[in-house]
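Q: Dropping the structure in here first, questions after.
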Amino acid sequence: EIDIVYSIRGELAEELQRSPGLVLKPTVIQAPQWVSMLDQWDPKSPWHDRRVRLAANLAIDRKAINEAITLGHSRLTYSIIPSTFDFYWQPPAYAFDPAQAKKLLAEAGYPNGFDAGEYYLDVAYANVQEAVANYLQQLGIRSKLRPVERASHWASYGDKKYKNLAYTASGAFGNAATRLETFVVAGGAYVYGSYPEIDTLFKDQAAELDRKKREALLHKIQQIMYEKTMFIPIWELAFINGHGPRVQESGLGLIPGHAYSAPYEDVKLKAK
2 EIDIVYSIRG ELAEELQRSP GLVLKPTVIQ APQWVSMLDQ WDPKSPWHDR
52 RVRLAANLAI DRKAINEAIT LGHSRLTYSI IPSTFDFYWQ PPAYAFDPAQ
102 AKKLLAEAGY PNGFDAGEYY LDVAYANVQE AVANYLQQLG IRSKLRPVER
152 ASHWASYGDK KYKNLAYTAS GAFGNAATRL ETFVVAGGAY VYGSYPEIDT
202 LFKDQAAELD RKKREALLHK IQQIMYEKTM FIPIWELAFI NGHGPRVQES
252 GLGLIPGHAY SAPYEDVKLK AK
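Going from the sequence shown to this note's numbering is simple: count from 1 and add 1.
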């Protein structure tokens, strides 16, 4: 009875895969998801120490989460910027290395881990954040998940009401500069702190008319973000979509990076 279905994850996705007549059409969309360590600018916070931030990244098995929740279809890019965007810089991968993560945490002064407080998240992606929280728990970083309805989550996030950890994502169109402006640079809608060298470089790129020089500046910003381990990137999300046996052309994937059926004039049912 189903013609087109969107964004199925986990066990439901596996069931869809096994259902006769249903065709899986996964699409990687321009929507990276990551965890923001909001207190990294507070000298009293464990997150102020880069070793702690790096330990958290090394403690997470992204490949396992990808296989379990999106059947391996999400793209592991280790960036908060879509890999299809202009001025994107590809950072090195974070290996899954629990032993090194524990070593770094101990070197930072937390051999037994620490209480990380509340971890705020969009309830629609609770299963993803639960998986991340479980890996952090195994490392010794203990958090309390706070699922919030989507509109309230982003309103509270933008109003700077959060602390500790927060699920972050964006599917907005643009380029690397527009993402940096929103999530990285001082004054951004979801920015709780910034680094002066990044802010300066961002102003420089905004005034630069030469494309190659501007690209070099934006790449440098992304390199600094990686060097400072500002975020815990999870993946570039894949929507596991599908269509039923009546559908000849679902429109899924016709527009690269677009999550839904489009253009509608191309969507067709099979002739009876």
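In this text, a Cβ means the ideal position worked out from N, Cα and C, and glycines have one as well.
Can you check which of these residues, 164, 150 and 143, is closest to residue 125 by C-alpha distance?
A: Mapped onto the sequence shown, residue 125 falls at position 124. With distances taken between Cα atoms, residue 125 lies closest to 150.
Q: Is residue 128 helix, strand or coil when you go by DSSP?
A: The count along the sequence shown starts at 1 and reaches residue 128 at position 127. Three-state DSSP puts residue 128 in a helix.
Q: One question on the structure: do residue 29 and residue 76 come within less than 7 Å of each other, judged by their Cβ atoms?
A: Counting from 1 along the sequence shown, the entry for residue 29 is found at position 28. Counting from 1 along the sequence shown, the entry for residue 76 is found at position 75. In contact: residue 29 and residue 76 (Cβ atoms closer than 7 Å).
Q: Taking only runs that begin and end inside the segment 32-108, name each unbroken alpha helix (DSSP H) of 4 or more residues, in chain order.
A: 51-59, 63-71 and 99-108
Q: For residue 57, does the count of other Cβ atoms within 10 angstroms reach 16, so buried, or fall short, so exposed?
A: Start at 1 with the first residue of the sequence shown, and residue 57 comes out as number 56. With 16 or more other Cβ atoms within 10 Å, it is buried.
Q: Closest to residue 247 by C-alpha separation, out of 82, 24 and 9, would be which residue?
A: By 1-based counting over the sequence shown, the position of residue 247 is 246. Answer by Cα proximity: 24.
Q: I'd like to check one pair, residue 239 with residue 34: are the Cβ atoms closer than 7 Å?
A: Sequence index remark: in the sequence shown, residue 34 carries index 33 (1-based). Sequence index remark: in the sequence shown, residue 239 carries index 238 (1-based). Cβ atoms of residue 34 and residue 239: not closer than 7 Å.
Q: Should the segment 42-62 be regarded as contacting the segment 201-209, the criterion being three or more beta carbon pairs within less than 8 Å?
A: By the C-beta criterion, the segment 42-62 is judged not to be in contact with the segment 201-209, since fewer than 3 inter-stretch pairs fall below 8 Å.
Q: Bridge partners of residue 239, per DSSP?
A: Within the sequence shown, the letter at position 238 stands for residue 239. Bridge pairing for residue 239: 29 [DSSP].
Q: Among 266, 186, 181 and 188, which has the Cα closest to the Cα of residue 87?
A: Within the sequence shown, residue 87 is the residue found at index 86, counting from 1. Nearest option by C-alpha distance: 181.
Q: Could you name each continuous alpha helix (DSSP H) segment of 4 residues or more that falls completely within the segment 181-253, going from the start of the chain to the end?
A: 197-208 and 212-229
Q: In this structure, does DSSP put residue 133 in helix, strand or coil?
A: As a first step, residue 133 must be located in the sequence shown, where it is residue number 132. Residue 133 falls in the helix class under three-state DSSP.
Q: With distances taken between CB atoms, is the gap from residue 59 to residue 102 smaller than 7 Å?
A: If you number the sequence shown from 1, residue 59 lands on position 58. If you number the sequence shown from 1, residue 102 lands on position 101. Yes, the Cβ-Cβ distance between residue 59 and residue 102 is below 7 Å.
Q: Just checking, does the segment 154-171 make contact with the segment 4-21 on the three C-beta pairs under 8 Å criterion?
A: Counting Cβ pairs under 8 Å, fewer than three are found: no touch.
Q: Between which two residues does the alpha helix (DSSP H) holding residue 11 run?
A: To locate residue 11, count along the sequence shown from 1; it is residue 10. Unbroken alpha helix (DSSP H) run through residue 11: 11-19.
Q: Specify the secondary structure class of residue 118 as computed by DSSP and reduced to three states.
A: By 1-based counting over the sequence shown, the position of residue 118 is 117. Residue 118 falls in the strand class under three-state DSSP.
Q: Just verifying my parser: in three-state terms, what is the DSSP assignment at residue 23?
A: Against the sequence shown, residue 23 aligns to sequence position 22. The answer is coil: DSSP assigns residue 23 none of H, G, I, E or B.
Q: Am I right that residue 136 and residue 61 are in contact with their C-beta atoms under 8 Å? What's the rounded C-beta distance?
A: Taking the sequence shown and counting its residues from 1, the one referred to as residue 136 is at position 135. Taking the sequence shown and counting its residues from 1, the one referred to as residue 61 is at position 60. Yes, they are in contact, since the Cβ atoms of residue 136 and residue 61 sit about 5 Å apart, within 8 Å.
Q: May I ask you to report which of helix, strand or coil DSSP gives residue 255?
A: Your numbering for residue 255 matches position 254 in the sequence shown. Residue 255 falls in the coil class under three-state DSSP.
Q: Alpha carbon to alpha carbon, what distance is there between residue 254 and residue 37?
A: Working through the sequence shown from its first residue, we reach residue 37 at position 36. Working through the sequence shown from its first residue, we reach residue 254 at position 253. Going from the Cα of residue 37 to the Cα of residue 254 covers about 30 Å.
Q: For residue 153, name the three-state secondary structure that DSSP assigns.
A: For the purposes of this step, residue 153 is identified with residue 152 of the sequence shown, where counting begins at 1. Residue 153 falls in the helix class under three-state DSSP.
Q: I'd like the list of long-range same chain contacts for residue 227, defined as Cβ closer than 6 Å, with 5 residues on each side in sequence excluded.
A: By 1-based counting over the sequence shown, the position of residue 227 is 226. 92, listed in sequence order.
Q: Buried or exposed: which applies to residue 122, given that a residue is buried once 16 or more other Cβ atoms fall within 10 Å of its Cβ?
A: Reading the sequence shown from its first residue, position 121 is the one you call residue 122. Its Cβ being crowded by 16 or more others within 10 Å, residue 122 is buried.
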